[in-house]
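Worksheet: one structure, shown below.
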Amino acid sequence: MPTHWTEHYYEDEDGNKCLDLHHYSESGAMKKVKSFLYHMKREYFRSDKSRAHRFVDIITGVGKHSWRHYSVIKEDVEDFLDRKDYSYEWDHGGGRVTIDFYYST
């Protein structure tokens, strides 16, 4: 359950900033991802690399309700993270990715 909402993201119970892409189109989701990561990475560096700003989460879903039966948005997000050399890890269910700015270039 979200603890703090803003226009673009919420803070989860661990205090990580989290962007939920459910109900976004493919292009709309990627615009949100790029904007979210830009602003969160900027916040991380402005905080003098504070641990409180080190991790962010993006929820892509796994495509359970997609007519394709897989998440196109998840693939797009992963491709983007790889191209931009972000350090990240998917949760065991595969619908949520945690980005670590400390190890990202």
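Here the sequence shown stands for residues 1 to 105, numbered as in the UniProt record's numbering. Cβ coordinates follow ideal geometry from the N, Cα and C atoms, glycine included.
Determine the extent of the beta strand (DSSP E) in which S71 is found, giving its start and end residues.
One-based indexing of the sequence shown puts residue 71 at position 71. Careful: S71 lies outside any beta strand (DSSP E) and carries neither H nor E.
Around the Cβ of F36, are there at least 16 other Cβ atoms within 10 angstroms (buried) or fewer (exposed)?
As a working note, residue 36 is residue 36 in the sequence shown. Flag for F36 reads buried.
Assign F101 to buried or exposed, taking buried as 16 or more other Cβ atoms, counted over all protein chains shown, within 10 Å of its Cβ.
Indexing the sequence shown from 1 puts residue 101 at position 101. By the neighbour-count rule (16 or more Cβ atoms within 10 Å), F101 is buried.
Compare the beta carbon distance of D79 and K17 with 9 Å and say whether it is the shorter of the two.
Here residue 79 refers to the residue found at position 79 of the sequence shown. Here residue 17 refers to the residue found at position 17 of the sequence shown. No. Outside cutoff.
Could you tell me if the beta carbon of D48 falls within a distance shorter than 8 Å of some heavy atom in the ligand GTP?
Here there are no bound small molecules, and the ligand GTP is not part of this structure.
Could you check if A52 is buried or exposed, using at least 16 other CB atoms within 10 Å of its CB as the buried criterion?
Here residue 52 corresponds to residue number 52 of the sequence shown, with the count starting at 1. By the neighbour-count rule (16 or more Cβ atoms within 10 Å), A52 is not buried but exposed.
Once you ignore the five residues that flank A29 on each side, which residues in its own chain have a CB closer than 8 Å to its CB?
Position 29 of the sequence shown, counted from the start, is the residue given in the question as residue 29. Counting only Cβ-Cβ distances below 8 Å, and skipping sequence neighbours, we find L21, T60, I73, D76, V77.
Between the alpha carbons of H23 and F55, how many angstroms are there, rounded?
Counted from its first residue, the sequence shown places residue 23 at position 23. Counted from its first residue, the sequence shown places residue 55 at position 55. Each residue's alpha carbon lies about 23 Å from the other.
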